[in-house]
Amino acid sequence: MAHDPSLHRTRSTAPRLSDGIDSFGIVSKLNHWISATLFLGALGLGLYIDNGGLTREAIGPYMQWHKALGVAVLIYGLWRVGWRIAQGFPRGAIKAPRWQERVAKLSHIGLLIAILAMPVSGVLMTIAAGRDLSIWGVTLLSAPAKTAWLDGVAGAVHDLAPPVILVLLALHIGAALKHHFIDRDATLRRMV
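Residue numbers for the sequence shown follow my numbering, so the first one is 7 and each next one is one higher.
What follows is the structure, given as structure tokens:
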């Protein structure tokens, strides 16, 4: 039987776990989509809790899911930041003007920071208000004494972060779509 090279993947086409110089590996792709899903779920629930006209009694189950997703975002976000620090950022799919490369890198860093700021501020709001951080009856953090100033600062961050994130997210998605449909380069395909 003759050897058929099409039956074997070469090292250059095999999926990689880690990032390459100019490509994202499987771990980075999963990090991107899992954290996006968790974060958008927590954000959507938070916006619904704040703007859905729910009674105080009706908020409870939604808040439990919001907190659970927030804690998952925090834990997964810390892993993701560690992974990104270890891997660095791959080169862009195309040679872009320097200012575009800087804007892209700053927006990625801004998204990572803001995505961590949301759950950190949520945890701080809860414990600074003198409440234990509990999810479905399991206490994750016991609250020290009530700390009004910290509750205020954490609340301000928690309220300010969503519009900042939505702007950065619109920039991120808009740039990916521009690369795909106008520039017709591989930027978007590298993350899917």
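A virtual CB, placed ideally from N, CA and C, is assigned to each residue, including glycine.
All values reported here derive from a predicted model rather than from experimental measurement.
By the neighbour-count definition (other C-beta atoms within 10 Å, threshold 16), threonine 61 is an exposed residue. Taking one beta carbon from each stretch, the segment 23 to 30 and the segment 94 to 105 have 3 or more pairs nearer than 8 Å; the two touch. Threonine 61 carries a coil assignment under DSSP once its states are collapsed to helix, strand and coil. By the C-beta density criterion, valine 173 is exposed, having fewer than 16 other C-beta atoms within 10 angstroms. Annotation for isoleucine 171: Ala120 place their beta carbon closer than 6 Å to its own, counting only its chain and skipping 5 residues before and after.
Around the beta-carbon of serine 34, 16 or more other beta-carbon atoms lie within 10 Å, marking it buried.
With respect to the 8 Å criterion, leucine 139 and alanine 160 are not classified as neighbours on the basis of their beta carbons. Cα atoms of alanine 151 and lysine 73: separation of roughly 21 Å, rounded to the nearest angstrom. Counting along the chain, no alpha helix (DSSP H) covers threonine 145; the unbroken beta strand (DSSP E) around it starts and ends at 144 to 147. Nearest to glycine 136 by alpha-carbon distance, out of Leu147, Phe30 and Met69, is Leu147.
DSSP places serine 29 in the coil class of the three-state scheme, outside both helix and strand. In the DSSP secondary-structure assignment, serine 140 is bridged to Thr145. Taking a cut-off of 8 Å for Cβ pairs, the segment 79 to 86 and the segment 175 to 192 do not touch, as fewer than three such pairs fall below it. In this structure, the alpha-carbon of aspartate 56 lies about 16 Å from that of phenylalanine 45. In terms of CA proximity to alanine 48, Leu80 leads the group His38, Ala20 and Leu80. The three-state reading of DSSP puts phenylalanine 187 in helix, counting H, G and I together. One thing to note: glycine 116 has its Cβ no nearer than 8 Å to the Cβ of glutamate 107. Counting only residues of its own chain and dropping the five nearest sequence neighbours on each side, tyrosine 54 has a CB closer than 8 Å to the CB of Leu60 and Tyr68.
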